[in-house]
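Chemist: In the working numbering, the protein residues as written are 252 to 516. One structure follows; several queries about it will come next.
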Amino acid sequence: MGRQMGIFGQSRPRALRAVLLACGIAWFAPAQLSAETLNSAAASGPIERSAEPFGLFASHLAGGGLREKWLGVQRRLDDERVQLALCEGDPDRCASPAALQLLAIVDTARARDGRARLGEINRAINLAIKPMGDFEQYGAIDVWSSPLSTLTRGTGDCEDYAIAKFVALHRAGVATDDLRIVIMRDTLRGEDHAVTAARLDGHWLTLDNRRMAMVEDSNVRNYRPTFVIDRDGVKRYEEAPMPMIADRQLVSDATVQVAAGISPM
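Take a look at the structure:
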């Protein structure tokens, strides 16, 4: 995916660098970690790891655009659970081809165990959805879709893949405590990206629409995790501080002006 998920940047007097996210997150802009911060952390000796992906501690967000976005997705997921239950109980009378498609993916995954189950979900969802950014689909950014909506269109961007995998994995038998959606900064491409993370035997594996192979979090390179989402809400990784409010507004304003120039994912 060559498009970005949100707007990350910094503003200075007379100079503004704005990056347009094509994966739909345009409300926040994590600042870069300073060399001083990294050096002081390295000098402090062994660092305690959290239970979250990447072993980093995270704190809950009490408000903000990202939290509201996820709450909206959760409300749509509640509606889709009803549709999936009806179609699972009586597939012959199911009115939603997308529901039947998702249930078929889940059934195939249930027949497998462990890593093979996770891999089946990753592969099937990656193949079922054609990558396409929000602006290209809706003429707007920051549109997060529920799985049945995404499968009905057959297109989506990175967070749409991640949400669909999150739901499919849970229906396939993976405990919600072992599932996350992680938002990361791609430090090479200068953009943001969302993946699903699933914990297996104490290790977090990332399920990415950019690749079929699953990669353990400790082996992920050139990404900096910024936010993590679970059934209880949104958390911000402590190593990814929010920028000044004024800076975020400047970046947002600049993004609106260049939105028409978004490149394909």
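Note that beta-carbon positions come from the ideal geometry of N, C-alpha and C, so glycine has one too.
I'd like to check one pair, Gln325 with Ala350: are the Cβ atoms closer than 7 angstroms?
Modeler: Against a cut-off of 7 angstroms, the Cβ pair of Gln325 and Ala350 comes out as no contact.
Chemist: For the region 440 to 475, which segments carrying the alpha helix (DSSP H) assignment without a break, of at least 4 residues, lie completely within its bounds, in sequence order?
Modeler: Entirely contained in the region 440 to 475, not one alpha helix (DSSP H) run reaches 4 residues.
Chemist: Give a yes or no on contact between the region 374 to 382 and the region 401 to 415, applying the rule of three or more CB pairs nearer than 8 angstroms.
Modeler: Result yes; three or more Cβ-Cβ pairs closer than 8 angstroms.
Chemist: Work out the CA separation of Asp343 and His311 for me, nearest whole Å.
Modeler: Whole-angstrom Cα-Cα distance: 43 angstroms.
Chemist: DSSP three-state label for Asp393, please.
Modeler: Coil.
Chemist: Gly484: which of Ala419, Gly314, Leu307 sits nearest, CA to CA?
Modeler: The residue with the shortest Cα to Cα distance from Gly484 is Gly314.
Chemist: Alpha carbon to alpha carbon, how far is Ala460 from Ala426?
Modeler: Before going further, note that residue 460 is Asn rather than Ala in the sequence given. Rounded to whole angstroms, Asn460 to Ala426 spans 21 angstroms at the Cα level.
Chemist: Using only CA atoms, which one of Leu328, Gln352, Arg327 lies nearest to Cys338?
Modeler: Checked all of Leu328, Gln352, Arg327; the closest Cα to Cys338 is Gln352.
Chemist: When the Cα atoms are used, what is the spatial distance from Ala336 to Ser347?
Modeler: Spanning the two alpha carbons is a distance of roughly 12 angstroms.
Chemist: Using three-state DSSP, classify Asp408 as helix, strand or coil.
Modeler: Residue state, collapsed to three classes: coil.
Chemist: So does the region 431 to 441 actually touch the region 466 to 479, counting three or more Cβ pairs closer than 8 angstroms?
Modeler: Yes: the two stretches touch, three or more of their Cβ pairs being nearer than 8 angstroms.
Chemist: Let me confirm a value: Leu456 is counted as buried when at least 16 other C-beta atoms fall within 10 Å, else exposed. Which label applies?
Modeler: By the neighbour-count rule (16 or more Cβ atoms within 10 Å), Leu456 is buried.
Chemist: Mapping the DSSP letters down to three states, classify Thr477 as helix, strand or coil.
Modeler: Three-state result, Thr477: strand.
Chemist: Using a Cβ-Cβ cutoff of less than 8 angstroms, which residues in the same chain neighbour Arg366 once the five nearest sequence positions on both sides are dropped?
Modeler: For Arg366, where only same-chain residues beyond five positions count, the Cβ hits under 8 angstroms are Leu451, Leu456, Met465.
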